[in-house]
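Notes follow the structure.
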Amino acid sequence: MRQEIRLVLAGDPGVGRSSLIMSLIKEHFIDDVQAVVPEITLPSDASPAGVTTKIIDTGSGTTQQERVETEMRRANAIVLVYSVIDQDSFERISSYWLPFMRSLGINVPVVLVGNKIDLRPSDDDEDALEEEIAPLMVEFKELETCIECSAKLSLNVGEVFFYAQKAVLYPTAPLYDSRSHTLKPACVDALRNIFHLCDADKDGVLSDEELNNFQFVCFDAPLHLQELEGIKELVSQGQKNSNTLHIRDNGLTLAGFLYLHTLFVQRGRLETTWSILWTFGYGMDLSLSNAYVYPPFDVPHGMAVELSPAGYQFFTEVFKAHDKDHDGALSPNELEQLFVTAPGGQHPWNGAGFPNSTVTDEAGAVTLQGWLAQWSMTTLLEPRTTLAYLAYLGYPLFANAMNISSPSRSPNGASMPPVSSASPSSYAWFDGTAVGSRPIQDVSPSLTTSALKLVRPRRPGDRRRSNTEQCSVFLALVLGAPGSGKSALLRNLAGKPFQPKYAPTHRLQRAVGAIEHDGAEHYLVMQEYGSHNEAEALRNPANLAHVSAVVFVYDSSDTHSFSYISNLRQQYPYLAHFPSLFVATKSDLDLARQRHEVQPDMYCRKLGLNVPHLGAGPLNVSSRLGEVAELYSLILTIAMDPRGAVPTPGRSLKTVRVRWRTGLLAVMALSGSTLLIVTTWRLLSRGTSGVGLGSWGTHAPSWISWMWGASSTLHNEL
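Quick note on the numbering used here: the sequence shown kicks off at 1 and runs consecutively.
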C-alpha cells in the first residue's frame with residue numbers, strides 16, 4: 001500500500017491555488033498569501049487512508065515552467081484549478097493544461113476544481129455548468145472528479161483534497177469506462193470470480209445468508225434485514241432497463257451484483273469496490289497479487305510438504321459443493337464449474353494425464369478419494385501450485401469461516417490503512433443508508449499457508465523414528481525396460497483396468513492412490529519417466545529429491561529385461577542409496593531364465609536386501625490377473641522405514657562372518673576361564689606350608705570361598 005501521496009496544484013494566475021492551500025491549513029481565508037506556497041505535509045492521521053500527503057503549489061509564469069513540469073512528473077494526482085468567474089481560465093483547461101500534461105506523458109488522475117463560487121452570480125444555471133463539464137469528462141479520461149469550492153468561505157476546501165487523495169487511493173480508471181458508462185472487462189472478471197466464490201451453494205444467486213457472509217468478510221459487520229431488503233430494492237430498479245435478471249429466488253444474481261458495483265462507482269463509492277477487491281487479493285491492476293497467490297512458504301532442506309487437516313477439509317468441502325448430482329464424483333462439467341475462478345478456467349494438471357492419474361468411477365468422474373489423492377500428490381511435488389489454487393478456489397473465505405488464524409497481512413504484505421468512518425467515503429450499500437459500523441479497510445484474508453504443513457520424511461541412513469509418523473504421502477520412482485509393465489502398475493494404483501495392448505510411455509507419467517497401511521490411510525505416488533526421458537532425468541540426482549523408494553521392474557517372461565535394470569544401477573550408482581524393491585511382472589506367463597551373471601533372486605540377496613514380509617525379493621506380480629495388492633503395501637513399508645531395503649552388497653556374508661567371529665571369541669574366552677580355575681585349584685591343593693598361596697589355608701579370605709562356591713569350613717578340610 002502506498003505510504004505517501006504527492007498532490008500538485010496547477011492553474012492560471014489568479015484562480016486561487018495558493019489560497020486553497022492556506023484555507024485548508026489555517027481553516028479560514030487569508031487575504032494576503034504568497035504567490036507560491038511552500039510544500040505542505042499533512043500527517044497520516046489527517047488523510048482518509050492513513051497515508052502522508054504532500055501538497056505542492058506551482059507558479060504559472062514562464063519562469064516557473066520547468067518547475068511545473070518537474071513537479072507534475074512526480075505527482076500522484078494533479079489538482080487543476082480554474083475560476084468559475086473567469087471563463088478564460090476554464091477554457092484553458094481543455095486548450096492548454098490537459099494537452100500540456102498529455103504532452104509530458106503524465107498518466108495520473110486529475111481533479112478539476114472550480115474556485116470562487118462565492119463570487120458567482122446566483123442566477124447562473126447549474127445545469128448549464130454541468131453541460132460544460134460533461135464534454136471534458138468524456139474527452140479527457142484522466143479527469144477523475146469535478147468539484148466546486150470557495151477558498152474565501154472555506155466551502156468544500158477539505159473535500160477538494162479529500163477527493164484528490166481518493167483519486168490516488170481508489171482510482172476510477174481501472175474499474176470504469178467513463179465513455180460507455182460500464183465496468184471495464186478486467187473489473188467484471190474480478191467481480192465475477194468474487195461472486196462465484198461467495199456463492200457457497202453454487203446456485204447462481206447470493207442468498208441473504210451469503211450476502212451477510214460476504215458483508216462480514218469484507219467489512220466485519222453484518223447486514224440487517226432492512227439493509228438487505230434495501231439493497232435488493234435498489235438493484236431491482238436497474239432491472240427495468242436490463243435484459244437479465246438482477247434478483248432471482250429472492251437472491252442477488254451475478255448481473256445484479258455487477259450492477260450494484262456500477263452504482264458504487266457512479267455514485268463515488270469507489271472505496272467500497274476497491275476494498276472488496278483488495279479483500280479477495282486483487283491489486284491495483286485487477287489481477288491477483290503474487291503475495292496473495294504465492295505467500296511466503298519456505299521449505300527447509302530435508303523437509304517435505306503435505307496438506308494440513310484444514311487443507312484436506314477445504315478440498316473436501318469444495319468437492320461436495322460442486323457435486324451437484326450428489327453421486328460422489330465430479331463429472332467433466334462439474335469440474336469445469338469448479339475451476340471457473342482459476343486462470344483460464346483450467347485445472348493445474350493439463351498434460352499430466354488427469355483424471356486417469358487418480359481414482360475415478362466407471363464413467364471417468366473423479367471420486368472424493370481420487371480428488372484428495374490428486375491434491376496430495378500435487379502438494380508433495382508442486383506446493384506452489386497448491387498454494388495458488390487454494391487462493392483461486394477461495395480458501396481464505398473458508399479459513400475465515402473456520403476461524404483459522406494467520407498473520408494479518410494485506411495482499412502486498414503490508415497492512416492496509418483504514419478510511420475514516422466520519423469522512424465522505426464511509427461505506428454505504430446505497431445512498432443514505434450506511435451498512436455496518438466498521439470503516440473501510442483491508443480485511444486481511446487468512447494466508448493459504450495454513451492449508452499446508454511441513455513433514456520430515458524418513459531418509460536412508462536415518463535411524464531415528466522421530467517425525468516419521470507425520471508423513472502420509474510418499475513418492476516411488478518406477479524404473480525398468482520398455483514393455484516391462486511399469487505403466488500397468490501405475491494404472492492399477494489409480495484403479496484403472498488392465499490394458500493388454502502395449503503403448504510406449506513417451507513422457508513423465510504419475511499415478512496416485514490411497515493405501516491402507518498399519519490401520520492408517522496413506523497416499524502413494526508412483527512415477528515413471530518414459531523410455532525417451534529416463535536417461536536424461538536420471539543424470540540429475542536433484543530430480544529424485546522427493547523420492548522415498550525406487551521400484552525396479554522387469555518382465556519375468558523376457559530373458560533380457562533384468563539386465564536393463566542391472567545396467568541402470570551401474571550407470572547411476574546413486575540409485576543404490578534409495579530403499580529399493582525389485583518386482584517381477586507378468587508372473588502369469590512362463591518364467592524365463594534371465595541372461596544375467598546371476599539370477600534376480602541371487603542378485604537381490606547379494607545386495608543384502610531384507611524387506612519385511614518379503615525378504616530379499618523379487619516380488620512376483622501380475623497386472624493382468626490383478627495380483628498386485630501386496631506391491632503397494634510393501635512400497636509404503638520401505639518408504640516409511642528404509643532399514644533392510646537400502647542395498648548393502650555383501651551384507652549377508654558380512655553377517656555370517658561377524659557371527660562366526662563372535663562365537664569363536666566366546667569359545668576362547670570360556671576355555672581360558674576354565675584353565676585359570678583348574679590351575680588355581682591345583683595350587684591351593686598342595687598344602688599350607690606358609691609359602692605362596694598355601695599360606696592362606698587357614699585364613700582364606702571370603703572372596704576365595706565365593707570363587708569356589710564353598711564355605712570356609714569345606715576349604716579348610718581340603
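Cβ coordinates follow ideal geometry from the N, Cα and C atoms, glycine included.
Supposed contact pair residue j and residue i - C-beta distance, whole angstroms, cut 8 Å
i: residue 526; j: residue 575; result: The pair is not a contact, with the Cβ atoms about 16 Å apart (cut-off 8 Å).
i: residue 276; j: residue 194; result: 7 Å
i: residue 15; j: residue 83; result: 5 Å
i: residue 151; j: residue 19; result: 4 Å
i: residue 635; j: residue 581; result: 6 Å
Run of the beta strand (DSSP E) containing residue i, from where it starts to where it stops
i: residue 555; result: 547-555
i: residue 304; result: 304-307
i: residue 240; result: Residue 240 -> no beta strand (DSSP E), and no H or E assigned at all.
i: residue 453; result: 452-455
Residues that residue i bridges to, as DSSP identifies them
i: residue 510; result: 527
i: residue 253; result: 205
i: residue 146; result: 112
i: residue 391; result: Its beta-bridge partners do not exist; DSSP assigns none.
i: residue 81; result: 11 and 113
i: residue 620; result: 584
i: residue 476; result: 526 and 549
i: residue 615; result: 611
i: residue 52; result: 4
i: residue 231; result: The partner list for residue 231 (beta bridge, DSSP) is empty, contrary to what the question assumes.
i: residue 247; result: 252
i: residue 182; result: 177
Among the options, the one whose alpha carbon lies nearest that of residue i
i: residue 161; options: 222, 66 and 56; result: 56
i: residue 303; options: 286, 74, 471 and 375; result: 471
i: residue 167; options: 203, 107 and 215; result: 107
i: residue 613; options: 607, 602, 401 and 645; result: 645
i: residue 483; options: 564, 511 and 516; result: 564
i: residue 44; options: 6, 13 and 14; result: 6
i: residue 185; options: 324, 236 and 286; result: 286
i: residue 367; options: 401, 342, 320 and 385; result: 320
i: residue 118; options: 109, 128, 148 and 103; result: 148
i: residue 643; options: 609, 625, 623 and 628; result: 609
i: residue 326; options: 290, 365 and 550; result: 365
i: residue 591; options: 395, 577 and 554; result: 554
i: residue 404; options: 451, 374 and 381; result: 451
i: residue 242; options: 476, 254 and 173; result: 254
i: residue 585; options: 597, 578, 561 and 621; result: 621
i: residue 24; options: 220, 260, 155 and 271; result: 155
i: residue 600; options: 577, 545, 624 and 560; result: 560
i: residue 282; options: 205, 369 and 394; result: 394
i: residue 503; options: 493, 531, 318 and 157; result: 531
i: residue 512; options: 88, 505, 524 and 501; result: 524
i: residue 54; options: 42, 501 and 64; result: 42
i: residue 208; options: 183, 201 and 250; result: 250
Under the three-state DSSP convention, the category residue i falls into
i: residue 566; result: helix
i: residue 106; result: coil
i: residue 702; result: Here the model assigns residue 702 a pLDDT of 38, short of 50, so the residue's position is not dependable, and the following value carries that caveat. Reduced to three states, the DSSP call for residue 702 is helix.
i: residue 176; result: strand
i: residue 281; result: coil
i: residue 25; result: helix
i: residue 385; result: helix
i: residue 41; result: strand
i: residue 57; result: strand
i: residue 62; result: helix
i: residue 517; result: strand
i: residue 629; result: helix
i: residue 370; result: helix
i: residue 318; result: helix
i: residue 639; result: helix
i: residue 329; result: strand
i: residue 358; result: coil
N-terminal and C-terminal residue of the alpha helix (DSSP H) that residue i is part of
i: residue 6; result: No alpha helix (DSSP H) holds residue 6; the beta strand (DSSP E) holding it covers 4-11.
i: residue 334; result: 332-338
i: residue 88; result: 87-92
i: residue 168; result: 157-169
i: residue 601; result: 600-606
i: residue 197; result: 185-198
i: residue 737; result: Look at the range of the chain in this structure, 1 to 718, and you will see that residue 737 is not part of it.
i: residue 533; result: Here residue 533 belongs to no alpha helix (DSSP H), and DSSP marks it neither H nor E.
i: residue 223; result: Where residue 223 is concerned, there is no enclosing alpha helix (DSSP H), given that its DSSP letter is neither H nor E.
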